[in-house]
Structures are given as C-alpha cells and as structure tokens.
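**Q** Before I ask anything, let me first share the structure, which is written out below as structure tokens.
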Amino acid sequence: MFFSRKLEAFMAVVENGSLSKAARVMNRTTPPIAKSIKDFETSLGKRLFKREKFGMTLTKDGQELYNDLRDLYLQEKEITKKHFSGYIVNEANIYYDWGKENHLINLYQAAHKNNVQVNILRFNYDEVDEIVDYDGNTLILSSELVISERFSLQKKIENSPLGIYCRKELYEKFNHDVKTLLQQSTWLCDPSFYKSTLMSDLLTKVEAINSKSSIRQMDNIGCCQSFIQDGDFIGIIDHYPEDELVDKSLIYVSLNGLLERSDCYIYKSKSHSSVLNRFMGVVDKLGVENI
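Residue 182 is where the sequence shown starts when you use this note's numbering, and the numbers rise one by one after that.
Here is the structure:
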C-alpha cells in the first residue's frame, strides 16, 4: 500500500463500521488500529468518528475527509493490485431479486457507455452471503432490506412502482375497483415476489376471511401476455410497461395507493472498487424520470 497506515486504518474503519472489523480486514489486532485513528485525529486536529455502542460513525469532518479521499484511495488500490498481480477488474456484478427492469436497463447502458462488462444475476434473500463480490464490484437491487457485513445501503427509492398489468375491459368490468379486481382475477407474478413481504402485505389487504387469491408464479411476466389478453389474468409488476401498452386493450393500474409502501433498496460493496464509480452517477438518478 502506498497510503500511510493511519489513512489505511481510517478508510478500513469507515468501510467496515468498527475497529474490530477493520482490524480483521487488515489482519491486525484492534489496539494498533485504535491508536492509528487516534494519532490521525490528533495530527489533523479534528474528531473524525463518533464512538457508539455498536460501532463507529463519521463526524461531519470525517465525512468530508472520506468524500475527498475515497476516489483517490480506490484508484490507489486498483493501481497497487495491477502492479502486484498484473490484473485489474473491469466488470461489475448487478444482483436483483425480481423485476427492476427499468433500473437494470439504465445500469446496463451505463456499463456499455463506460466499457465495463456487466453480469446481471438473480439472488435470494437467504443467500446474500453467497453473492460473488470481486474486490468490491457488486451492486444489489432489492425490494427488501438486506442484512450483510459486506454491503452498505447506497440509496433507497421510496414508493417504487408496483402495479397491475391487465385488460382495460377487465378493469372496467369491476368498475375500476382495484381490490375487487385482485379478488376476482388470477395473479401472475415472479416467484421471488411471491415469497416477499410485499406479497404478504398485499394479500392481507385483499383476501377476505373465506376466500383465497388465485396466484400463479411465472418467471417472466412478459411471456404471459397471451394469458393477460385472453382471460381473467392480471400481472403484478414493478414498472410502467410503456412499450407493451401500445396495445390499447391493456392498462397499467398502480397499487401504491393500496399498499403502505413499496421501496427499492440499492446496496454497493463496502470495499467499493473503482469500477463502481462509473455507475454511481446513474445510481443517484435511479427512480427519477427521464434519467
């Protein structure tokens, strides 16, 4: 490493959230890391961390220092790796639970523009620890909170779209009553959505005491168009299907008014390789129209 031990310790504590975790990552014991942080604060004349019961968080001065140093530090890590191993990662892994079509398209376009190879993969909530992360090149798009020591929350998109894709005639048949439409139709949905808390919340809102919703799990809602066009089937999706709605017989009905909330959480690798920097501008704009 070309950076000083003090600065290396500072970055490790920021990325890992505590002295003990930073020590494990650096293959050192906790006391030297604590001393490096203390000496660093003394030399700068600033308090960089708030010591809390379950870890350490940055002060305002610490956050400003981290923002100024982050890109340079990540570049230094890449340069060091390149010259020691002769190899530098130029690919990103993007994991998602279900849906997220519009977000994935934007990220894929950013990868192409920046000459980055991108791998788009599915994940299950109970297998987060098995997600492959090559030195910090991974993003996760999830409809639920992800608990992991390797990934940190980058952005939360509140009130992310969730809606019904169905025949306009079917919607009108039930007098534009979304709840009745859900009760009387067969749902087509992604298997991951079927297992989610969002599904549980929706069923709680819709199902009567003596009735159960009819649900079919489908890997690709786009393949279900014939079902939706010909029968009393509705697709549960998380985007406005603008291209598909060229067919004026189909309609998209938002469910955001029925559910308390439908959010999208975006996580990044805590180690955060420089390849992710090429996506951060796009990630900051996800959820905003006309990205």
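Glycine is no exception: its CB is placed at the ideal position from the N, C-alpha and C atoms.
(1) How far does the beta strand (DSSP E) with residue 332 in it reach, from first residue to last?
(2) Ordered along the chain, which non-local residues of its own chain (more than five positions away) have a Cβ less than 8 Å from that of residue 430?
(3) Could you check where the alpha helix (DSSP H) with residue 192 kicks off and where it finishes?
(4) Near residue 394, what residues of its chain come up, given a Cβ to Cβ distance below 8 Å and the 5 sequence neighbours on each side ignored?
(5) Just list the residues that DSSP pairs residue 328 with in beta bridges.
(6) If we ignore side chains and look at the alpha-carbon of each, how far apart do residue 317 and residue 414 end up?
(7) Whose C-beta lies closer than 8 Å to the C-beta of residue 187 among residues of the same chain, with five residues either side of it excluded?
(8) Does DSSP classify residue 349 as helix, strand or coil?
(9) What does a CB cutoff of less than 7 Å around residue 242 pick up in its chain, not counting 5 residues either side in sequence?
(10) Do you know offhand how far residue 463's Cα is from residue 288's?
(11) Going by CA-CA distance only, name the one from 460, 451, 294 that's closest to residue 334.
(12) Please state whether DSSP places residue 414 in a helix, a strand or coil.
(13) Helix, strand or coil: which one does DSSP assign to residue 399?
(14) Taking the alpha helix (DSSP H) that residue 283 falls in, what are its first and last residues?
(15) Can you tell which of 366, 339, 356, 358 has the C-alpha that lies nearest to the C-alpha of residue 419?
(16) Only counting the same chain, and skipping five residues up and downstream in sequence, which positions put a Cβ closer than 7 Å to that of residue 326?
(17) My output table needs one value for residue 268: the three-state DSSP class, helix, strand or coil.
(18) Are three or more beta carbon pairs between the stretch 298 to 315 and the stretch 276 to 284 nearer than 8 Å?
(19) Cα-Cα, which of 240, 457, 440, 300 is closest to residue 381?
(20) Roughly how many whole angstroms lie between the Cα atoms of residue 193 and residue 465?
(21) How big is the Cα-Cα spacing for residue 438 and residue 305?
(22) Given this structure, state the Cα-to-Cα distance separating residue 280 from residue 448, to the nearest angstrom.
(23) Give the single residue among 314, 295, 356, 191 whose Cα lies nearest to the Cα of residue 245.
(24) How would you call residue 412, buried or exposed, if buried means at least 16 neighbouring beta carbons within 10 angstroms?
(25) Quick one: Cα of residue 268 to Cα of residue 336, how far?
**A** Considering the structure as presented:
(1) As a first step, residue 332 is located in the sequence shown; it is residue number 151 there, counting from the start. From DSSP, the beta strand (DSSP E) with residue 332 extends over 332 to 338.
(2) Sequence index remark: in the sequence shown, residue 430 carries index 249 (1-based). 348, 349, 350, 410, listed in sequence order.
(3) For the purposes of this step, residue 192 is identified with residue 11 of the sequence shown, where counting begins at 1. 186 to 197 is the span of the alpha helix (DSSP H), which, as asked, contains residue 192.
(4) Position 213 of the sequence shown, counted from the first residue, corresponds to residue 394. Counting only Cβ-Cβ distances below 8 Å, and skipping sequence neighbours, we find 363, 364, 368, 384, 387, 388.
(5) On the sequence shown, residue 328 is found 147 positions in, with the first residue counted as 1. Answer by DSSP bridge pairing: none, since residue 328 is not bridged.
(6) Reading the sequence shown from its first residue, position 136 is the one you call residue 317. Reading the sequence shown from its first residue, position 233 is the one you call residue 414. Cα to Cα, residue 317 sits roughly 42 Å from residue 414.
(7) Reading the sequence shown from its first residue, position 6 is the one you call residue 187. The residues are 217, 218, 220, 221, 224.
(8) Mapped onto the sequence shown, residue 349 falls at position 168. Helix.
(9) For the purposes of this step, residue 242 is taken as residue 61 along the sequence shown, with counting starting at 1. These residues qualify, in order along the chain: 227, 228, 229.
(10) Numbered from its first residue, the sequence shown carries residue 463 at position 282. Numbered from its first residue, the sequence shown carries residue 288 at position 107. Distance between the alpha carbons of residue 463 and residue 288 is about 7 Å.
(11) As a working note, residue 334 is residue 153 in the sequence shown. Minimum Cα distance to residue 334 is reached at 451.
(12) Counting from one through the sequence shown, the residue named residue 414 turns up at place 233. Of the three classes helix, strand and coil, the one that applies to residue 414 here is strand, per DSSP.
(13) Here residue 399 is taken as the residue at index 218 of the sequence shown, counted from 1. Coil.
(14) Counted from its first residue, the sequence shown places residue 283 at position 102. Here the alpha helix (DSSP H) through residue 283 covers 282 to 294.
(15) Along the sequence shown, read from residue 1 onward, the residue named residue 419 stands at position 238. Looking at the Cα atoms, 339 is the closest of the given residues.
(16) Here residue 326 corresponds to residue number 145 of the sequence shown, with the count starting at 1. Once the five neighbours on either side are set aside, the close Cβ partners of residue 326 are 446.
(17) Mapped onto the sequence shown, residue 268 falls at position 87. Confidence is the limiting factor: at residue 268 the pLDDT is only 48, short of 50, which leaves the residue's position unreliable, though a coordinate-based value still follows. Three-state result, residue 268: coil.
(18) yes
(19) Residue numbering aside, residue 381 sits at position 200 when the sequence shown is read from its first letter. Selected option, being the one with the closest Cα: 440.
(20) Locating residue 193 in the sequence shown gives position 12, where the first residue counts as 1. Locating residue 465 in the sequence shown gives position 284, where the first residue counts as 1. About 24 Å.
(21) On the sequence shown, position 257 is the one that residue 438 refers to. On the sequence shown, position 124 is the one that residue 305 refers to. If I take the Cα positions, the gap works out to 27 Å.
(22) Residue numbering aside, residue 280 sits at position 99 when the sequence shown is read from its first letter. Residue numbering aside, residue 448 sits at position 267 when the sequence shown is read from its first letter. Cα to Cα, the separation comes out at about 16 Å.
(23) As a working mapping, residue 245 is identified with position 64 in the sequence shown. Measuring from the Cα of residue 245, the nearest candidate turns out to be 191.
(24) Taking the sequence shown and counting its residues from 1, the one referred to as residue 412 is at position 231. The residue in question, residue 412, is exposed, as its Cβ has fewer than 16 Cβ neighbours within 10 Å.
(25) Position 87 of the sequence shown, counting from 1, holds the residue named residue 268. Position 155 of the sequence shown, counting from 1, holds the residue named residue 336. Only weak support exists for where residue 268 lies, its pLDDT of 48 falling under 50; the value from the coordinates is given anyway. The alpha-carbon atoms of residue 268 and residue 336 are separated by roughly 30 Å.
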